[in-house]
Amino acid sequence: MEGSSSQSGNSSTNTVPGNLEHNDFALYKTILHENLFNNRILLKLEEDGFTTPDDKVEELLKHLTKSSYLYTIKLLFENLQYEFSSQVLENSLEALVDTSFKHYSKESVARLELHLRILVIVLERICFSPIVLSKELRDKIYNSLAKFAEIHRKTTQVIEIGLDNNFRSNYNQFNQQNNDQVEIKKRNYNIDFLLIHLRDTLHSLRDDETWFQEIIRRTKDFLKAALNITPGILSIAGVPLPNDNCSILSLLTQIRQSLSFKYPVASYYVDWRIMLIIQHNLFIWSESSEKIISKKFGELVLMEYIWSFLGREWINTANKSILDSQTKFDEVSNKVAKTLKNAGGLLNEIAGNEPIALPHTLWFGILDLAQNLIQRSSRITTYGLCYYLAIESLNKAPSSFIQFKSIELLLYLYNIDNKMFSMIEIDFDQYIQKLSDNNLEDSLEKFRNLLTFVKEKYSEDLKILSNNIGKGKEGKGKSLNQNLYLKKEQISNSNILDVIADEITCPISSEPTDQLCILKCQHILSLDNLKKLKQKICPNCREKIEDSDIRYLSQNSIYKNLYTKFFESGHILPSIELVNSDQLYDSDDSDNSEVDLILTKKKNFMNSINKLNSKISSSIFSRITKKQHPTYQNIIKELNEKHYEKAETLCKEFLNLFSKSYSLKCILAYICRYLNNYKQAHFYLEEAILLNPKRPVAYFIRGEIYFSQSNYSEAIYNLKKSLDCKAKVNNLYIILGNSYLHYSCVNHYDMAMEYYDIALKNDPNNYLCLKNCAYIYENQGDYLNALMILDRLLNINEKDSLVLCYYGEILCNMTHYSKAILYFTKANIIDPENIHNLNRRAIAYYTIQEYDNVLSDLDKIIQSDPLNSSAYYLKSLTYYTKNDINNAEISFKKLAALLNSNNSLTKFQLFHLEYLLNNNSSKELYNILTKNDRIPMMSDLLSCFIRCKIYIELKDYSMAKMYFDTLFEYNVSKNCLSYIHLLRKHSVFWFYLYKSCRIIGYYFTDGIVDKFSEYMYREKEVYFISNLTNLNSELCQFQESDTSSLLGRILRSKNEKLRLDLPFYFKYPICKINIKKILSKDCFIKLYSDDHQEDHTLKHEVVSKLEGLGWIEYALPIYSLNKLQLSIEINSIEMQIDYIRSGRKHYNHHKITHIPNVSLLLPDHQICPNVPETFSDMYFSRKEMGNLLDLKDILDK
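FYI, in the numbering used here the residues of the sequence shown are 261 to 1457.
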């Protein structure tokens, strides 16, 4: 088999840098799904309310002239997890047969191909659905093919002529072009193939026959039998039992013989249809939620079928000269083009002879399937197999038809990773040299033109992708338009062949094999070695093997076609027989004596060929020295069993043989980390990095160790270095997020969230990630997102009492106390001993004035924890509120008895209760102030408020004013205005404040007519919106009474638009609002300023996040260095507004601050830690965070 010589070299196995694979199905995130997730048009549709696949397609069909919309439709229909209604499929066909192309250009070539590909996909959807098309619709599609063929012809001619000639007066020059030249130089053969496929598929679909579904059923049954997916099916009559000689082609022959068509079809179409059915079933089985087979297994099976079909095509071209069929192809191509122009002829073919098709249409189609698989896959093995497939097809290409498709396939691979496939430019140069050596100068020039054209075409394809995801995915490096002429030495270490060989290598024989068995544990064995096992136990993991769990994987065609390369690179050695070749392997033998014996004999064989080619010798030696060595296998075995001391001893001994082994040093560091020998771990990692500073594993391990040592800055540095080295480990993102979470806390929350988001895209149900995200959102005051994350956690584990309690806490912060009690109650049922949860529920009960329930919960707390000071505080406060002073004093005395001089919270609670119980005695109040003078200021300065209250009771207004001003000075960013509710009844105090601020005589023109409003406006920069009714009487209709307002009245917008022109506002305005209900998606809140700068509009997306939150303070997204007049326009929103006040510089725009209900129970419970902080050992489990360094991640990379 021919191919790039650069691929025949060898490198050590399992050391593939940048390996895209992972054994866990969840990490097989396909390119298709990534495009779906990042597609900007789909994201916009989601925002606009188009949530179902049907709705999205219906909307996208309105824009079929735009390539970006076409590409988005293609993504939706390609995703087999999406279901579409029969009506949407019909509507799609009706829309897609529209041939309204108003101009012809190179861009329209890409658009036409994309358009036809979608038509093919939709028709395939119908083929695999219980839908029968009417004759009228089929005829309509038939007629469109002729029009598409004409568009293809004219577009091809435009490209051939060139843009400079677009405006020539004689447009008939199109028909004077040499069709032969056009087709060879600038023809997009994908369009020819798609038109033929559509014609023949429509030809095979009949409205009076159900045979098509029978074809699907039979092919599916044969495939299940071949793979042993449904063991029971093997007993069905006519379905053969898979055996050693069960080749792909033999199964296909039986399927083909069982099929018959009522009407003639093109000769290629039977095999083509069977291949499409096989591909469809493999995609469904591997990508569905049931995961009948793994994605890895599905791709290997599909690749084997692809190689089987193409192997047969290659046999037909054997011993023929290069481009032997070009002349015949040109003749047939002209006939096909003429046939496609005649719609009536297409219809008449149904009852006529076999339709004409291009030579090697099946070959072309199979290559197209390989290209489609590349776009869906993220596996190097698949890429490598497709590379050899394309190279072999190019070297055997009988015409420009196959040349075109081979080139396109190679370009796709180069774009994925131009380093891995850097040899492709050399392959093109070698093929050109091959044409030159065979004196095919005319063909050589045509190939160069074809190569240039396909590169230009592919560039147009990339533009469409780039327009859809915002960034062009143009691979990792250089453009293929550059002629690189790389030296062979630069790519001699290419390891694509190694990866392919490893994929089909039996661990017992250590060689690739043509018949593999995939066990339930996902380990593989050759079919021969499976039969030789004495006991049906997996040699790797000792799991019992059940016949029904075995999946058969034939790799006969791949093995046969790559055999020479495997042998030359040392992956396959001459046959070595054991002394007793009939003896069976005992899979329960922990010493692996049979494996050792095979390896020993291979070593002896090595000695016998030392005088042979040194390249072969070194290749063989590299295959049997490290990862296949028994000592290495024992190291892994001990690690899997967590015998770290034994593993360390073995690894150190093994390191003597491989002192320069990067992977062994990383494994030793991993061992030392779990032995808590961090110093030695760092030593090994430093050595590994010196050996190869561009590999990611050592940085990853070092980052995790630094995290374990709480050195978060170093952890972040090393984990980012690992990412720079192309690490593909999901846990790395989690550890990075954890590092930012613990590193300077709030300042790095956004960075933590960024990495958690990446991890959750790969693993949406990662419990640790979700818990940390909820904590961050709660600390940022983003309660809605916090609850959304907690909902996801409860969907995973509805009985997590801590999450339920945390949910209740956040609802309390949002003032949804009754709903919070439901969650506290659920948590209590699951964990009745959780005192923290009972405490939170008692506070919620108190707030909604269900005092008997408060006392019941507090009694439960005290019964479990007689020394719980908070319970006695709440109990005394509850009795006081109920006016049961006797019991209040009893609880107070019990709290006083528990006083700990180091407990500031308990001191404050006593201070508060003493004030309440003695506020009628001036003498006692003075004593309380003296006794509690040394209580430190609490975080929210509640003690300032209580001292202020005491001094008011004592009529010492100057001292009261001092504490009142302190409360505002240090607490402006919090809900300090809420405390004023408890001071409003002291009218003498407010008059004192009014006088002391010298407001008397000040003339207000802002609708302010009462002294309280004057004081708050002048001194505290708070303007009550209801004062506007004094300026504009029309606003009185919007005025309502509301006890939560300091003035007792607010303005409320209803169905009408409402515009409020405020007197003037301060630099950083904060508004107290309550969004009751959104009346329309066209709702908005507009903010205007008199400096004529652009307005700031809060649209539905922002406003909807505020709906139902109750009274909140909202930081408006507008500011200025000067005081400006502000106007607010409200539309389609039922909204209450109380006041607008000034915030501080750098106050976060859009920040939401929930306003608690303030009563006798001051919000001192907010000082108490929340669930994550109270139960930090459980919520932020160090054990859970310490299990993120997975051995498999180390070994796989």
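Positions of the beta carbon are idealized from the N, C-alpha and C atoms, including for glycine.
The structure presented is a predicted model; accordingly, all values stated were derived computationally and were not measured.
- Between Gln-341 and Ser-548 the beta-carbon gap is near 7 Å, inside 8 Å, which marks them as a contact.
- Bridge pairing for Lys-366: absent [DSSP].
- The residue from Gln-893, Tyr-1037, Ile-995, Glu-1058 with its alpha-carbon nearest to that of Ile-1049 is Tyr-1037.
- Just measuring C-alpha positions, the residue of Gln-690, Gln-539, Tyr-1066 sitting nearest Phe-1435 is Tyr-1066.
- Residue burial annotation: Ile-391 is exposed, with fewer than 16 other C-beta atoms found within 10 angstroms of its C-beta.
- With a contact defined as Cβ atoms closer than 8 Å, Ile-1285 and Ile-1400 qualify at about 7 Å.
- Counting only runs of 3 or more residues that sit fully inside the segment 1237-1285, the beta strand (DSSP E) segments are 1282-1284, in chain order.
- Our two residues, Asp-1144 and Tyr-1374, have alpha carbons roughly 39 Å apart in a direct line.
- Apart from sequence neighbours up to five positions away, the residues of its chain that approach Asn-894 with a beta-carbon distance below 8 Å are Leu-910, ordered along the chain.
- Remark: C-beta atoms of Ile-1372 and Ile-1333 approach each other more closely than 8 Å.
- Here His-1096 carries a helix assignment [DSSP, helix/strand/coil].
- Counting the other Cβ atoms within 10 Å of the Cβ of Ser-973 gives fewer than 16, which makes it exposed.
- The residue among Lys-595, Tyr-1439, Tyr-1009, Thr-415 with its C-alpha nearest the C-alpha of Tyr-1027 is Tyr-1439.
- Less than 8 Å separates the beta-carbon of Phe-1171 from that of Ser-1203.
- About 18 Å separates the beta carbons of Lys-407 and Thr-461, which is beyond the 8 Å limit, so they are not a contact pair.
- In the three-state scheme derived from DSSP, where H, G and I count as helix and E and B as strand, Pro-890 is classed as helix.
- Of the residues assessed, Ile-1056 falls on the exposed side of the cut-off, its CB having fewer than 16 other CB atoms within 10 angstroms.
- Under the 10 Å beta carbon count, Arg-1258 is surrounded by fewer than 16 other beta carbons and is classified as exposed.
- Pairing Leu-618 with Ser-593, the inter-Cα distance amounts to about 6 Å.
- In the structure shown, Ser-1402 adopts extended strand secondary structure according to DSSP, grouped into three states.
- Per DSSP, Arg-1319 is one residue of the beta strand (DSSP E) stretching across 1318-1321.
- Tyr-648 has its alpha-carbon roughly 12 Å from the corresponding atom of Leu-627.
- Take Leu-1291, set aside five residues on each side of it, and the residues of its chain with a beta-carbon closer than 7 Å to its own are Gly-1267, in chain order.
- Under DSSP, Tyr-812 takes part in a beta bridge, and its partners are Cys-777.
- Glu-1093 is classed as exposed because its beta carbon has fewer than 16 other beta carbons within 10 Å across all chains shown.
- Excluding its 5 nearest sequence neighbours in each direction, Ser-1182 has C-beta neighbours in its own chain below 8 Å: Glu-1213, Leu-1214, listed in chain order.
- Going by C-alpha positions, Asn-1447 is about 36 Å away from Arg-300.
- CA-to-CA, the gap between Glu-307 and Leu-711 works out to about 42 Å.
- Under DSSP, Glu-1373 takes part in a beta bridge, and its partners are Lys-1332, Thr-1413.
- Here Phe-664 carries a helix assignment [DSSP, helix/strand/coil].
- With three or more CB-CB distances shorter than 8 Å, the segment 652-668 counts as touching the segment 582-599.
- Secondary structure of Leu-1339 (DSSP, three-state): coil.
- Counting the other CB atoms within 10 Å of its CB gives Ala-958 a total of 16 or more, which places it among the buried residues.
- Around the CB of Ile-575, fewer than 16 other CB atoms lie within 10 Å, so the residue is classed as exposed.
- Judged by beta-carbon spacing, Asn-1032 lies within the 8 Å limit of Tyr-1016, meaning their Cβ atoms are closer than that value.
- Check the Cα spacing between Lys-954 and each of Ile-976, Leu-336, Lys-980, Asp-1010: the tightest is with Lys-980.
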